[in-house]
Amino acid sequence: MTSLSRELVFLILQFLDEEKFKETVHKLEKESGFFFNMRYFEDSVTNGEWDEVEKYLSGFTKVDDNRYSMKIFFEIRKQKYLEALDRNDQAKAVEILVKDLKVFSTFNEDLFKEITLLLTLQNFRENEQLSKYGDTKSARAIMLVELKKLIEANPLFREKLQFPSLKNSRLRTLINQSLNWQHQLCKNPKPNPDIKTLFVDHACGQPNGARAPSPVANPIIGSMPKVGGFPPIGAHGPFQPAPGPIASLGGWMANPPSMPHQAISGGPIGLSPPTNAASMLKHPRTPPANNAALDYQTADSEHVLKRPRPFGMSEEVNNLPVNIFPVTYPGQSHSHSLHSSDDLPKTVVVNLNQGSAVKSMDFHPVQHTLLLVGTNIGDIAIWEIGGRERLAFKNFKVWEIGNCSMTLQASLANEYTATVNRVMWSPDGNLLGVAYSKHIVHLYSYHGGDDLRNHLEIDAHIGNVSDLAFSHPNKQLCIITCGEDKAIRVWDAATGSKQYTFEGHEAPVYSVCPHYKENIQFIFATAVDGKIKAWLYDNMGSRVDYDAPGHSCTTMAYSADGARLFSCGTSKDGESYLVEWNESEGAVKRTYIGLGKRSVGVVQFDTTKNKILAAGDEFIIKFWDMDNTNLLTTADAEGGLPASPCIRFSKEGTLLAVSTSENGVKILANVDGVRLIRSIESRGLDPSRVPPGAVAKNGDNRSLQDIKPRISDELEKSKIWKLTEINETAQVRSLRLPDSLLSVRIIRLMYTNSGGAILALAYNAVHKLWKWPRNEKNVTGKASTAFLPQLWQPSSGILMTNDISDTNPEEAVPCFALSKNDSYVMSASGGKISLFNMMTFKTMTTFMPPPPAATFLAFHPQDNNIIAIGMEDCSIQIYNVRVDEVKSKLKGHQKRVTGLAFSSVLNVLVSSGADAQLCVWSMDGWEKKTSKFLQIPSGRAINPLSQTRVQFHQDQTHMLVVHETQIAIYEASKLECVKQWVSPNVAVTDATYSCDSQSIFASFDDGSVSIFTAAALKLRCRVNPAAYLPSNPSSRVYPLVVAAHPSEANQCAVGLTDGGVYVLEPLESEGKWGTPPPNENGVAPGGMSSAATGLDQASR
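Residue numbers for the sequence shown follow the numbering used here, beginning at 3 and rising by one.
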């Protein structure tokens, strides 16, 4: 088939799709084999339409074409087979086995035998490889992810997964153009031809004495619009007249059309149209003017052409300063401009340690020293940069997984991680939005300090959510999102309801830029193919269609006064472009010189003070004056920047935040910015707790005097803060887990990584597993005090029991570690190390018989086959499970090893022992880097076998150290103690970070559980034993171990000396554990205070 014939098939496919001939579309796709419709394939798989799935695939590939095709058909047929087994439809399963799966036996006979054996099992999930199989919907969704990867990798599908870039109704447009030509060839063309058929060429009959209109009398010669949306045939004759071209976005805004079909504008992206119809004729697209061509007008197009004046905005209006949002920032002055590079923020004044790579930042619109940060592992944080304190922190967590699409659930089941693509404050700073790389947008409400509350969770897009922005269409605060599914959506920021969906991009949408002028609100959107489009808040389609310079992946931004439009982007070849647009002509006005030709990633830029542009490129920050294309100056921020750093100006332009290659943020300041930071440091004031407008601007003494009373108020509040004591059952939510097995004291305790179960190891070497059911009441299936879990056992009735032969239980140090996917647990209780299957409880293998006995286990962060094993003989063995070999043996402790923790950021292993010593080992060569003994309080009698535990903070650079005498925070690389809390008169039995590393849960041998702030290591709440334990004077019961829920920051579980396990949560009305104590001065990077003791706390 010729290429033109092939293109005709695509035109027909587009026509059939627009006319809703859905079955015919897919038949033609299959029979031609030109386009594989992935969306249709996904729907068919999701709905379990297996016959249609295979029939559709047959148009593109066969089972034995290649290994990818074979795998595709095998996965589909295997799923059919498993679903039949799950329905207990043995007859159907046998039929599928014989008819569909038998063909694969010639390629892998053993596999076919194993599949056949599934018929003999009561539940095929008893097969270890299928133990994680969930319900039908989730299994299909998981399979679909794999099928898409196989199809994309299959060479037979190459160039068949992307539909050609066509304008709407391209076939109709070609026919309309043909009719235009035919009409021009008429000997006696009529002014209003009556075209009734396409079966024969058009010809006008000779009217009685009529003459054809002259070209001069017909002003729309050559004004054939760009390929656009034509009405359905038969609406008003064979073809309804097409609208005249609209010369600018401004025309649409001033006079929105009433056409029932989508209009595609041929004009520029600007907001000011040409002043007369003649400007529309500069680029004729129909035949030359000496032919009397006729285009078919509508009343709308006639109205547009007859307007005696421009239908945009007046020059006076265009020169008015207009902000994207109707908000004025304190102290903002439009008349002020930067006159020299000395006024630029180039001095490094603050270093912040975020702990993971920074992807997006935004300064608060009112409180100018509050910085919002999002990272590559899904964390967000709010920093008070003047005090170098992280006020609030959230990690990636889907709030209501049951409300999410199956595609997202399947993606999260495969990998529960996401990257933050964009963070942004709302115009008033009361809300903040977060766009993630997986479907989700989160809106939080911010109430100052660490009070950051969940507001809305929106399953916004399929796949990546690339960008978000706030806007005020119809005087209603909305959030705009765009994503990988090529759509832009507008959501009500109060309710989360969807207001608009804009579709038209042919590639994933990369960024959005909302704006307004006068009463006209619109959105610019850019796609990864470099296309720029614009929408009004209606359903009339995109108003412009332009290419970014270099077809680059681009972001757009207006100057603060709304008068000038800029864009910055990077092409696939790494060439970057920073330009200003001429809105009235839809063309590039000026291109700024100085960006790299081989940029890494997409270069980010920002504007400030209606005068300055800045971009992060080639490991530095580059600055331009908006009126000069030449580079103004650069700043290296004292080094340590990535190739294309993330940058963001504060709203006044006195501060500039830039990401570093060491997972941090540097704050650069000009003279006014330095003065602002120094004034906050000297006052020790937390601006997040001061009402908007109270923070001093540029060190203005009058402002300082104004806020003195408020500082006094803050100090007064500090004096009246009181520790929250929970003494009664009505003050806490608690749940004792049901247990039908022998109650023996709990030695080890942990949540599964999914958060839906708790695993305990008892003194008698038996493991207990409690699972929370997923149902209508508990849609997430997560652990909660509101729902009773089940003590889970497989149908075989076996228990996971460690080897304890030839061991003394009193001397043993039980330990266990769970694989990342919750499938296996490695455990020891003084004997051999056992590897258990968490679904069947079967012992997979045992290894390393004592002596020496294992005392602590930790999986390597990059390789689950490698484990670090702390030993009774004071050594640490680096063991490869797969090859059953000890790779290294580390010696440095004087007593047995009781704690191990890996840091992938520092690339180290930290160990702790009964000798109260900490050691740091390099993961490259396993050599010891440094070691240090704990600071034990003088006069304290210490148990010679007392355990020391270690756990890394989420930033992977600080760590929690737990000893019976104390809880401490250390900077791991140098083993520097930055915080220490010494227990006055009771022993600490265990402690752990909360899942967001903002709190520390600690248990004590008096039965209490305490909650500390992690940053300052201050006690904020204490749960006394009477609040959750039944009164029993005859026995002393207390928690030996404590575990934190992996996604619920305020939930913990404790394992008791009487064998009980309790889950604890604060009251729903409270939402968190007590009130944090007042912030203290002298907070070091990472939020850790440099003070060395916590003895100033309330005594126990």
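We treat Cβ as the ideally placed atom computed from N, Cα and C, and that holds for glycine.
1) Beta-carbon within less than 8 Å of S407's beta-carbon, same chain only, minus the 5 sequence neighbours each way: which residues are those?
2) Helix, strand or coil for A1046 per DSSP?
3) Looking at C-alpha atoms only, which residue of S573, E640 and W626 is the closest neighbour of L634?
4) Please identify the residue among T497, D547, Q478 and K533 whose C-alpha is closest to the C-alpha of Q523.
5) Using the rule of at least 16 other Cβ atoms within 10 Å of the residue's Cβ for burial, across every protein chain shown, is M846 buried or exposed?
6) To the nearest angstrom, how far is it from the Cα of E391 to the Cα of N156?
7) Return the residue from the list V888, L725, W385 and E1070 that minimises the CA-CA distance to A732.
8) Could you check what DSSP says for Q186 in three-state terms: helix, strand or coil?
9) Which residues share a DSSP beta bridge with G666?
10) Across the region 1041-1053 and the region 1004-1011, are there enough close Cβ pairs to call them in contact, namely three or more that are closer than 8 Å?
11) I need the boundaries of the alpha helix (DSSP H) containing W1121, first residue and last residue.
12) Are the Cβ atoms of V964 and Y972 separated by less than 8 Å?
13) For the beta strand (DSSP E) containing S948, list its first residue and its last residue.
14) In chain order, what residues of the same chain have a beta carbon less than 6 Å from the beta carbon of S428, not counting five sequence neighbours either side?
15) So L1021 packs on S736, CB below 8 Å; how close in whole Å?
16) For L354 and E31, what's the separation of their Cα atoms in angstroms?
17) Per the DSSP calculation, T782 is bridged to which residue(s)?
18) Put N672 into one of helix, strand or coil per three-state DSSP.
19) Given that a residue counts as buried once 16 or more other Cβ atoms are within 10 Å of its Cβ, and exposed if not, what is F954?
20) Excluding the 5 residues flanking A1029 on each side, which residues of the same chain have their C-beta closer than 8 Å to its C-beta?
21) Going along the chain, which unbroken runs of the alpha helix (DSSP H) with 4 or more residues stay wholly within the region 22-77?
22) Do you know whose CA, among D469, V443 and L657, lies nearest E386's CA?
23) Give a yes or no on contact between the region 171-178 and the region 13-20, applying the rule of three or more CB pairs nearer than 8 Å.
24) Taking the continuous beta strand (DSSP E) assigned at M840, which residues delimit it?
25) Quick one: Cα of I482 to Cα of Y438, how far?
26) Just to confirm the assignment, what range does the alpha helix (DSSP H) spanning A412 have?
27) Return the residue from the list D563, S544 and V530 that minimises the CA-CA distance to C570.
28) Just the C-alpha distance for H370 and V667, rounded to the nearest angstrom, thanks.
29) Smallest Cα separation from P347: which of K101, L670 and G485?
30) Rounded to a whole number of angstroms, what is the C-alpha to C-alpha distance between P851 and D824?
31) Which first and last residues belong to the alpha helix (DSSP H) in which V147 is found?
32) Give the DSSP-derived three-state secondary structure of S1005 in the structure shown.
33) With T122 and L99 assumed to form a contact (beta carbons below 8 Å), what rounded beta-carbon distance in angstroms separates them?
34) Beta carbon of L470, beta carbon of L374: below 8 Å?
35) Reducing DSSP to helix, strand and coil, say where Q982 ends up.
36) Determine the contact status of Q958 and S906, defining contact as a CB-CB distance below 8 Å.
The short version:
1) Reading the sequence shown from its first residue, position 405 is the one you call residue 407. Closer than 8 Å at Cβ, skipping near neighbours: H441, D461 and I464.
2) If you number the sequence shown from 1, residue 1046 lands on position 1044. Three-state DSSP puts A1046 in a strand.
3) Residue numbering aside, residue 634 sits at position 632 when the sequence shown is read from its first letter. For L634, the nearest C-alpha among the options comes from W626.
4) The residue you call residue 523 lines up with position 521 of the sequence shown. Nearest C-alpha to Q523: Q478.
5) Against the sequence shown, residue 846 aligns to sequence position 844. Per the 10 Å Cβ criterion, exposed.
6) Within the sequence shown, residue 391 is the residue found at index 389, counting from 1. Within the sequence shown, residue 156 is the residue found at index 154, counting from 1. The straight-line gap from Cα to Cα measures roughly 51 Å.
7) Within the sequence shown, numbered from 1, the residue matching residue 732 stands at position 730. Cα-wise, what sits closest to A732 is E1070.
8) Locating residue 186 in the sequence shown gives position 184, where the first residue counts as 1. Looking at Q186 - three-state DSSP - the assignment turns out to be helix.
9) Here residue 666 corresponds to residue number 664 of the sequence shown, with the count starting at 1. Answer is N355, bridged to G666.
10) yes
11) The structure shown does not extend to residue 1121, since the chain is modelled only from 3 through 1102, so no value can be given for it.
12) Here residue 964 refers to the residue found at position 962 when the sequence shown is read from its first residue. Here residue 972 refers to the residue found at position 970 when the sequence shown is read from its first residue. No, Cβ-Cβ distance for V964 and Y972 is not below 8 Å.
13) Here residue 948 refers to the residue found at position 946 of the sequence shown. Premise fails: S948 is in no beta strand (DSSP E) and is neither H nor E.
14) The residue given as residue 428 occupies position 426 in the sequence shown. Hits under 6 Å: F472.
15) For the purposes of this step, residue 1021 is taken as the residue at position 1019 of the sequence shown. For the purposes of this step, residue 736 is taken as the residue at position 734 of the sequence shown. At roughly 20 Å, the Cβ-Cβ gap does not stay under 8 Å, so L1021 and S736 are not in contact.
16) Counted from its first residue, the sequence shown places residue 354 at position 352. Counted from its first residue, the sequence shown places residue 31 at position 29. For L354 and E31, the distance between alpha carbons rounds to 55 Å.
17) Residue 782 sits at position 780 when you count from the first residue of the sequence shown. Answer is none; T782 lacks a bridge partner.
18) Within the sequence shown, residue 672 is the residue found at index 670, counting from 1. Coil.
19) Residue numbering aside, residue 954 sits at position 952 when the sequence shown is read from its first letter. That one is buried.
20) Sequence index remark: in the sequence shown, residue 1029 carries index 1027 (1-based). Result list for A1029: I728, N729, E730, T731, Q733, V734 and S736, in chain order.
21) 24-34, 40-48 and 52-60
22) Counted from its first residue, the sequence shown places residue 386 at position 384. Out of D469, V443 and L657, L657 has the C-alpha closest to the C-alpha of E386.
23) yes
24) For the purposes of this step, residue 840 is taken as the residue at position 838 of the sequence shown. Premise fails: M840 is in no beta strand (DSSP E) and is neither H nor E.
25) Indexing the sequence shown from 1 puts residue 482 at position 480. Indexing the sequence shown from 1 puts residue 438 at position 436. Answer to the nearest angstrom: the Cα atoms are 14 Å apart.
26) In the sequence shown, counting from the first residue as 1, residue 412 sits at position 410. Segment M408 to N416, the alpha helix (DSSP H) holding A412.
27) The count along the sequence shown starts at 1 and reaches residue 570 at position 568. If we check each option's Cα against that of C570, V530 comes out closest.
28) Sequence index remark: in the sequence shown, residue 370 carries index 368 (1-based). Sequence index remark: in the sequence shown, residue 667 carries index 665 (1-based). Computed Cα separation, rounded: 16 Å.
29) Numbered from its first residue, the sequence shown carries residue 347 at position 345. Out of K101, L670 and G485, L670 has the C-alpha closest to the C-alpha of P347.
30) Within the sequence shown, residue 851 is the residue found at index 849, counting from 1. Within the sequence shown, residue 824 is the residue found at index 822, counting from 1. Whole-angstrom Cα-Cα distance: 25 Å.
31) Counting from one through the sequence shown, the residue named residue 147 turns up at place 145. Counting along the chain, the alpha helix (DSSP H) containing V147 begins and ends at T138 to A155.
32) As a working mapping, residue 1005 is identified with position 1003 in the sequence shown. Of the three classes helix, strand and coil, the one that applies to S1005 here is strand, per DSSP.
33) For the purposes of this step, residue 122 is taken as residue 120 along the sequence shown, with counting starting at 1. For the purposes of this step, residue 99 is taken as residue 97 along the sequence shown, with counting starting at 1. Incorrect: roughly 12 Å between the Cβ atoms, too far for contact.
34) Working through the sequence shown from its first residue, we reach residue 470 at position 468. Working through the sequence shown from its first residue, we reach residue 374 at position 372. Taking 8 Å as the Cβ cut-off, L470 and L374 do not qualify as a contacting pair.
35) Locating residue 982 in the sequence shown gives position 980, where the first residue counts as 1. Q982: strand per DSSP, three-state reduction.
36) On the sequence shown, residue 958 is found 956 positions in, with the first residue counted as 1. On the sequence shown, residue 906 is found 904 positions in, with the first residue counted as 1. Yes, the pair counts as a contact, with Cβ atoms nearer than the cut-off.
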